[in-house]
Each structure stands twice: as structure tokens, then as C-alpha cells.
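Peer 1: Heads up, the sequence shown is in our numbering, so the first residue is 1122 and it goes up one at a time. Here a beta-carbon is modelled for each residue, glycine too, at the ideal position from N, C-alpha and C. Bear in mind the structure is a predicted one, so any value in this text is a computation, not a measurement. My questions will all concern the structure given below.
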Amino acid sequence: MLHRSLAPFALALLSLLPACEETGLMRFDGGTTPPGEDGGEPAQRQISYTPEGCGYTVTSPELESAAMGTDVQDPDNPVLHHVHASWAGPTDSTFAVNWETGLRTLASRILYGTDRAAVEAAEAPGGDVLGRNGHTMFYRAMIGGGPGTRLHEVHVCGLEPETTYYYKVGGPGRWSRVYEIATAPPVGSTQPFSFGVTGDSRNNLENSWPISQRRLDEAGVDFQVFSGDAVFLGANQADWRQFFEASVDDFDVTDFLARAPFMMANGNHDQLALNYVAQFAFPQEVSEGERAQGMEWYSFDYGNAHFVILNDTVNDSAVLAGGQARWLREDLARVDRTRQPWIFVSHHRPFYTCRSTHSPDTALRAAWQPIFDEFSVDFVLTGHNHVYERSTPIRGLEGGEGVVAATGTNGVPTYDMAGLPSGTVYVVAAGVGAELYEVSSECTTSFTSMSVRPYVIFEVEGRTLTYTAYDAMSGGMLDQFTLTK
Ligand SMILES: [Fe+2]
């Protein structure tokens, strides 16, 4: 455990941290000081439990187990904020919610149902309103957390697919407002859906982070894939508060984050810090070499698409081509492409990017591209360079460089007779908050590039996909194509 006396070290680290450089990692099990009864250093604790009705286990890095099922509210601090949703289980039958309260609040409950008015009126489960208990945890961030952070997390399972639910979190006498969230179509369904892609929100320059979220909300996307670097310093709770409390006009980012599940990759600034691990609920299947309770890398299905979130900012670089690559190959091998023709991968550091601040990560390319090629991954979504870039379709490596694959109209992959894509499109779409970088299109693998604050929307309808990139600041379209396989 790190002592609070290490706070000066952390502040020194903060002051030395250049823009998006290597920060080193403060691991989830080494970045905080949990409260000790005697004021000393308690041992790191964690707890695992199966939420009611769920087919998966939740492991929390630190938890006050006595808090489960209580209605205790902090009498002095009625705050309940940062409500945001994600998935830790099947997207067609579950969702998870995290939020923050005053330090002494232990109530960690959710009420939900398909009747908004009934959920609005309820103080307890009954009738058409169901309830679940979650868990709570307290930690002192190494920096920026004030007297500490009280978090809550609840998992809801056993839901119907393609159904809109209404929910509120908190406990008797103190509930959040009512939010809505929709479950996914069943795996393999050809029902249309859409999702947004952003990354590198960290400094919220030009207020572009909430602006991007409002645009995605207005577009009605079903969920969001975020390629990392949510905050400037992952161990700094003040940075996370800025992230969750950002707003523009009467729109709060949580208006969107509480409705549309947020699925994130760890960036070098997020540091795989306890703050990151504690504040999100993602699938938790621990594989070889993985830390952070299985949240370093994970996958999920949504309709007829499969999504893989990788971690390229690891403690031990050997895991990139080792355990993580083995997990990636096994995960992709399980995908039935007749039912799920689309595969999207997201991670933070691009390995195709053209003359921007960060060079292509060639070690990452050598470790992962052969697997992306083997399983015909359609899109790889990254950030780290705060720009918009789309590659030409790429398949194969020659001399460490990608081989530009056959392209159709507007640089779109063509497909062979078996219906498999002839090339992976590598996208860098990040900078809804971080400082913009320069970028070039003068690389053989580049199709287009721009120094803008981008977000991307994918609209999937069966075997047809429409890709549109936008400038978050103007709302203008930057790039669009449709492909069918
Ligand atoms: Fe980065």
C-alpha cells in the first residue's frame, strides 16, 4: 500500500507529466490508502460476490461489506452524483450503474422497471418495480480526493432484450432522478443499432468533452466506446470529478452516461488506477497476466457485433504478445461470424498513425496485427494522438509495415466471396478535451487525417454498416462511408 505521505511524490509526478507521455503505472492495488480503524495501514481487501440473478461474479478492490443492504444515508452530505452505466454481463439482459455520494452514505440500492411513473413513485420494490442491492466502497485517492471518495455499484440482471427500463439509485429518502436505459437485441440479431466512439477527454479544453457527449446523446446512440485517457491523472479523484461533472448549457454528461453504457479502454493517463477500476463496472474474467480484477481487457457482444477492449498500457510489456495476445486469439476464435459478422477492437495507442506527436507503436503492431488479420477484424478504434485519422484497409505485415489491402469506393474495404473483409480499418478518433496535435496523410497506409476534435458514429443494420466521423466543435461531418458484407 502507498502511504498518504507519498502524496508529495504524486504531486511531483503530476507537475512533471508532459502531454500524453509515459506516466508509469500506479496499479489499482497500490494507489490509495483505505480507511483504517486505527489510522494505520490496513491490508488491501477485496471481495467477490454474485449479484442477485446474475451469472457472473463481481470483484471489488475494496469494500465495506457491512454496507450491503443498509439504508444508511450521510446526514451531513446529501450529494448523489456521477451516475453512469456500463455492462459487466450480457448486454441483452443486464446493466450496471456506479455513482458517488457523501462519505457516510452506505445505501447502495437500485429501483427499476418498465413503468417510469411507478419507478418515480417507489420507495421500495413492489408491484411493477423491482429492486437490487449493490455494494459500496470508500477510498482515499492519493491526490485530489479531499477526505475521501464514497462509491456505489449495483448490477441488474435477468432483463428482457430490446427493452427500455427506468431506474433510480440511492436508497430510501434519497434517490437520484429517474434515468432510462435499454437492453441490447439478442446476440446474432440483425436489429439495427448505433454506437459512438470518443477518447482523450482529459483536459476538457474548449468544453469539448460535454459537447461531444451532448452530440452523441442527440444522435441517440445506444452506447459508447471510449479509447482511453478520460482524465489527466488517473489517481487524481479531482480529475474524475471534472470528467463526470462536465456540462454544457443545461446538459450534464451524466444525462448521457446514465442512459448509454460507457465501455472504456485504459489509457496511459488513466494509469489503471484504483479510481479507474473502482468507478466502472466492466466484464471481469481474469486471464493470464491480467490485473485490475479482470478489467484490463475484456469483450462483449451487442446484437450481431463483437467488441474487444484491449489494454496497451500494461505493467509488464511481455503481456502484450504473451497472455493478452493469447486471450485475444481465444476470444476471437469463439466468434461465430455467420451470426456476428462485425468485429470492433478498441485500445489506446495506435499502431497506424501518420507523423503525429506519438509514432506508431510498432511493438504493439507486431504483437496484435497478425491476430487482427487472422480473424478479419473490421475496425480498430484508438486515440492517444488527439486527431482524426482513418487508414486504408490493411491486411498483412511486410518489413514491419502494413500492406494496403484492396479498396473499393472511398477507401472502403472490399469483401471476398466468403464475405470476409479484405482489410482492417484503423481509426484514431480522440481529443474531445485534450490539446490537439498535428497529423499528416502522407503515409501509404493513410486514407485521411485532420487535426480536429472528432467523434465517430457507427450505424449497424444487419450486414450493412454506415461510418460517420464528425467534428465535435462544429458538428460538421468529416468522413463517411457505407460498407456491406
Ligand atoms: Fe494517451
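Would you check if the segment 1575 to 1582 and the segment 1308 to 1315 touch, i.e. whether three or more CB-CB distances between them fall below 8 Å?
Peer 2: yes
Peer 1: Give the C-beta separation of Arg1470 and Asp1433 to the nearest angstrom, bearing in mind that I take them to be a contact with Cβ-Cβ under 8 Å.
Peer 2: Going by Cβ atoms, the distance from Arg1470 to Asp1433 rounds to 5 Å, so yes, they are a contact pair.
Peer 1: Quick one: what's Gly1520 bridged to in DSSP?
Peer 2: Per DSSP, none; premise fails for Gly1520.
Peer 1: Alpha carbon to alpha carbon, how far is Leu1227 from Thr1191?
Peer 2: 6 Å
Peer 1: Spell out the partners DSSP gives Asn1254 in its beta bridges.
Peer 2: Arg1230
Peer 1: Which residues in the same chain have their Cβ closer than 6 Å to the Cβ of Ala1217, if we skip the five residues on either side of it in sequence?
Peer 2: Ser1207, Ala1209, His1276, Ala1402
Peer 1: Can you list the alpha helix (DSSP H) stretches of 4 or more residues lying completely in the segment 1295 to 1381, in chain order?
Peer 2: Counting whole runs of 4 or more residues, the segment 1295 to 1381 contains the alpha helix (DSSP H) stretches 1329 to 1340, 1358 to 1366, 1374 to 1378.
Peer 1: Kindly list the residues whose CB is nearer than 8 Å to the CB of Phe1602, restricted to its own chain and excluding five residues on each side of it in sequence; keep chain order.
Peer 2: Thr1530, Asn1531, Gly1532, Val1533, Thr1587, Tyr1588
Peer 1: Counting Cβ pairs closer than 8 Å, one from the segment 1242 to 1258 and one from the segment 1326 to 1343, do we hit at least three?
Peer 2: no
Peer 1: Would you say the beta carbon of His1095 comes nearer than 7 Å to a heavy atom of ligand 1?
Peer 2: In the structure as shown, the chain starts at 1122 and stops at 1606, and residue 1095 therefore has no counterpart that could be examined.
Peer 1: Please go through the same chain and pick out, in chain order, the residues whose beta-carbon is closer than 6 Å to the beta-carbon of Leu1453, but skip the five residues on each side of it.
Peer 2: Phe1496
Peer 1: Confirm the yes/no value for this check: CB of Asp1350, any heavy atom of ligand 1, distance under 7 Å.
Peer 2: yes
Peer 1: Rounded to whole angstroms, what's the CA-CA distance from Tyr1669 to Arg1323? Just pull it up for me.
Peer 2: Only positions 1122 to 1606 of the chain appear in this structure, which leaves residue 1669 out of reach.
Peer 1: My understanding is that Leu1441 touches Ala1484, with C-beta atoms under 8 Å, so please give their C-beta distance in whole angstroms.
Peer 2: 7 Å
Peer 1: When DSSP builds the beta bridges, which residues end up paired with Tyr1536?
Peer 2: Pro1542
Peer 1: Do His1203 and ligand 1 come close, with the Cβ less than 7 Å from some heavy atom?
Peer 2: no
Peer 1: For Asn1219, which three-state DSSP category applies?
Peer 2: strand
Peer 1: Is the beta carbon of Leu1395 sitting closer than 8 Å to the one on Tyr1260?
Peer 2: yes
Peer 1: Count the other C-beta atoms from every protein chain shown that fall within 10 angstroms of the C-beta of Thr1319, then say buried if there are 16 or more, exposed otherwise.
Peer 2: buried
Peer 1: Assuming the contact rule is C-beta atoms closer than 8 Å, Ser1570 and Val1508 should be a hit. Round their C-beta distance to whole Å, please.
Peer 2: About 6 Å; that satisfies the 8 Å criterion.
Peer 1: Any heavy atom of ligand 1 closer than 7 Å to the beta-carbon of Asn1389?
Peer 2: yes
Peer 1: For my contact list, Pro1282 and Ser1214 are in at a C-beta cut-off of 8 Å; report their separation, rounded to the angstrom.
Peer 2: Between Pro1282 and Ser1214 a beta carbon distance of about 7 Å is seen, short of the 8 Å cut, so the two are scored as contacting.
Peer 1: Return the Cβ separation of Trp1361 and Gly1554 in integer angstroms, given the expectation that the two are a contact with Cβ distance under 8 Å.
Peer 2: Incorrect: roughly 13 Å between the Cβ atoms, too far for contact.
Peer 1: Quick check: Thr1566 and Ser1512, are their CB atoms within less than 8 Å of each other?
Peer 2: yes
Peer 1: Measuring straight from C-alpha to C-alpha, what distance separates Gly1309 and Asn1425?
Peer 2: 4 Å
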